[in-house]
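Below you'll find the structure, written out as structure tokens, and then a few comments.
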Amino acid sequence: MSDGERQALLEKLTRYVSDEVLGEQDATDLTATTPLLEWGILNSVETARLTVFLRQECGVRVSPTQVTAENFRNLESITDLVTTLRSGSR
Amino acid sequence: MRTRSPARPRVDLDAYLARIGYDGTVDATLDTLSALHLAHIANIPFSTIEALLAPPLPLDLKRIQQKLVHDRQGGYCVEQNLLFATVLEELGFSVTMLAAKVRSGSPDPRPRPVPRPHLLLSVRFGERTWLADVGFGGDGLMLPLPFVVGETTDQFGWKFRLATEEHEYVLQNLRQDEWSDVYSFSLLPQAPTDLVMMHHFCTTHPKSALLNIFWTQRAERGVRWTFWMDWATESGDALLTRQRANAETRQSRVPREEHAAVLAEKLSLHLPAGVMLPTEPRLTRISTA
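As given, the protein sequences belong to chains U and X, one line each in that order. If you're matching positions, the first sequence starts at 1423 in our numbering and goes up one per residue. If you're matching positions, the second sequence starts at 52 in our numbering and goes up one per residue.
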């Protein structure tokens, strides 16, 4: 995956979390390294919804065993997970 | 003609006690409450996978009894604790329904983006009160918890305590040697109409756990059995875990054709004959505009 593709993916995920998870709440301080789990932005329901989004919009299937604090720590780590899953399925 | 008050719905006690495998005394004592609590969570699983098979129905005690007791399936918090409260009242216990907000895990008390309503019970014996909760699943209570702030209670190795905040009490459990919030609640009694609102959110809101996380859990004498769907497999595998306090979690794969047998044997949940769980989640539409 090129840097440009990775950046586009990161932006897509950031937009999703901003619009669909935070919604009405202030998202101005959301960055690629915002601790999503620590801050309670991603709870179990939002994580499950995000995996559906990853499946529908990014074409990757995330197993429950991959739903870990490490993989879902922030938008960077989620981008890494998608990148890894995509390369594995090629 | 004798009629019953609509405020005390009819519950089939014999069928309920048979479903939870209980044949002990039913005096309204703390010992009975503890024994019923343990038997309930060991035999009626917390479960959301039924939502994969049929859309959830309106809140109705007759329907809940049919599903949890007669059809030997499971249910979520409102169904489980409403059934339990009704049984306890029928037996003469003094029960109050309470509303909680699920926090599950994060130590950060900032408001969650998604409301996560939960129903639990308090049961009074004279001057003392116990919390009862047979509908949380996850890492919730195994036994009733004395309503005493700051006192640690050990339930089969799982440790719990109550903390206080400005307006609420917080149930906490010990995870990796750190106290972690499970849910917060106030003592405002919940009426049946409040439950209707909770149930409406849980069964219709796109961000409800009931419509997004599909799993079943049963806890027997400290051991938690959990069955959940693995949507990453195209063949529709599930995962089964066996978890004990202070011990390594054991996990195994369950092929789709074995779901029904494993659910019946390990989770005490009986799928309707011939019915198979889907290989794809019932997706809630996500806007990507």
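Each residue gets a CB set at the ideal place from its N, CA and C atoms; glycine is no exception.
Span separating the alpha-carbon of residue 339 of chain X from that of residue 222 of chain X
Low confidence applies here, because residue 339 of chain X scores a pLDDT of 38, under 50, leaving its location unreliable; read the following figure in that light. Distance between the alpha carbons of residue 339 of chain X and residue 222 of chain X is about 37 Å.
When the cut-off is 8 Å and only beta carbons count, does residue 1466 of chain U lie next to chain X?
yes
Which of helix, strand or coil DSSP assigns to residue 220 of chain X:
In the structure shown, residue 220 of chain X sits in a strand (DSSP, three-state: E or B).
Under 7 Å between beta-carbons, which chain X residues line up against residue 1485 of chain U? List them in chain order, please.
281, 283
Establish whether the CB of residue 1471 of chain U and some CB of chain X are separated by less than 8 Å.
yes
What does residue 263 of chain X touch in chain U if you count any residue whose Cβ is under 7 Å from its own?
By Cβ distance, chain U contributes 1467, 1470, 1471.
For residue 234 of chain X, which residues does DSSP report across the bridge?
X/153, X/222
Whose Cβ in chain X lies nearer than 9 Å to the Cβ of residue 1504 of chain U?
Within chain X, no residue comes near residue 1504 of chain U; the closest Cβ sits about 13 Å away, beyond 9 Å.
In chain U, what lies closer than 9 Å to residue 166 of chain X by C-beta?
Going along chain U, no residue has its Cβ under 9 Å from residue 166 of chain X, so there is no contact; the nearest lies around 10 Å.
Of all the options X/86, X/298, X/332, X/238, which has the alpha carbon lying nearest to the alpha carbon of residue 280 of chain X?
X/332
Beta carbon of residue 344 of chain X nearer than 8 Å to that of residue 62 of chain X
Residue numbering for chain X in the displayed model covers 52 to 340; residue 344 of chain X lies beyond these limits and cannot be assessed.
Same chain, Cβ closer than 6 Å to residue 175 of chain X, five either side skipped, listed in chain order:
145
Using a Cβ cut-off of 7 Å, pull out every chain U residue sitting near residue 332 of chain X, in sequence order please.
By Cβ distance, chain U contributes 1474.
Could you check if residue 118 of chain X is buried or exposed, using at least 16 other CB atoms within 10 Å of its CB as the buried criterion?
buried
Please classify residue 310 of chain X as buried or exposed, where buried requires at least 16 neighbouring CB atoms within 10 angstroms.
buried
Run down chain U in chain order and give the residues with a C-beta less than 8 Å from the C-beta of residue 258 of chain X.
Neighbours of residue 258 of chain X across chain U, judged by C-beta separation under 8 Å: 1467, 1468, 1471.
Establish whether the CB of residue 145 of chain X and some CB of chain U are separated by less than 8 Å.
no
In angstroms, rounded to a whole number, what distance separates the CA positions of residue 192 of chain X and residue 1426 of chain U?
49 Å
Cβ distance (whole Å) where residue 291 of chain X is taken to contact residue 305 of chain X below 8 Å:
5 Å
Do residue 107 of chain X and residue 261 of chain X count as a contact pair if the criterion is CB distance below 8 Å?
Result yes, Cβ atoms of residue 261 of chain X and residue 107 of chain X sit closer than 8 Å.
Quick one: complete alpha helix (DSSP H) runs, 4+ long, within the stretch 262–326 of chain X?
310–318
Neighbouring residues, chain U, relative to residue 155 of chain X (Cβ below 8 Å)
1465, 1466
Just mark residue 1469 of chain U as buried or exposed, buried being the case when its beta carbon has 16 or more other beta carbons within 10 Å.
buried
Closer than 8 Å, CB to CB, is residue 290 of chain X near chain U or not?
yes
Could you check if residue 249 of chain X is buried or exposed, using at least 16 other CB atoms within 10 Å of its CB as the buried criterion?
buried
Since residue 1507 of chain U and residue 1436 of chain U should fall inside the 8 Å C-beta cutoff, what is the C-beta to C-beta distance between them, to a whole number of angstroms?
Contact check for residue 1507 of chain U and residue 1436 of chain U: beta-carbon distance about 19 Å, past the 8 Å limit, so the pair fails to qualify.
From the DSSP secondary-structure annotation, give me the bridge partner or partners of residue 168 of chain X.
X/152
Would you identify the three-state DSSP class for residue 145 of chain X, choosing helix, strand or coil?
Note: residue 145 of chain X maps to strand in three-state DSSP.
For residue 371 of chain X, which residues from the same chain have a beta carbon less than 6 Å from its beta carbon, with the 5 sequence-adjacent residues on both sides left out?
Outside the displayed span of chain X (52 to 340) sits residue 371 of chain X, for which this structure offers no information.
Confirm, please, whether the CB-CB distance from residue 273 of chain X to residue 207 of chain X is below 8 Å.
yes
Can you look up residue 104 of chain X in the DSSP assignment and give me helix, strand or coil?
coil
Taking the straight line between their C-alpha atoms, what separation do you get for residue 167 of chain X and residue 155 of chain X?
10 Å
Reducing DSSP to helix, strand and coil, say where residue 260 of chain X ends up.
helix
How would you call residue 239 of chain X, buried or exposed, if buried means at least 16 neighbouring beta carbons within 10 angstroms?
exposed
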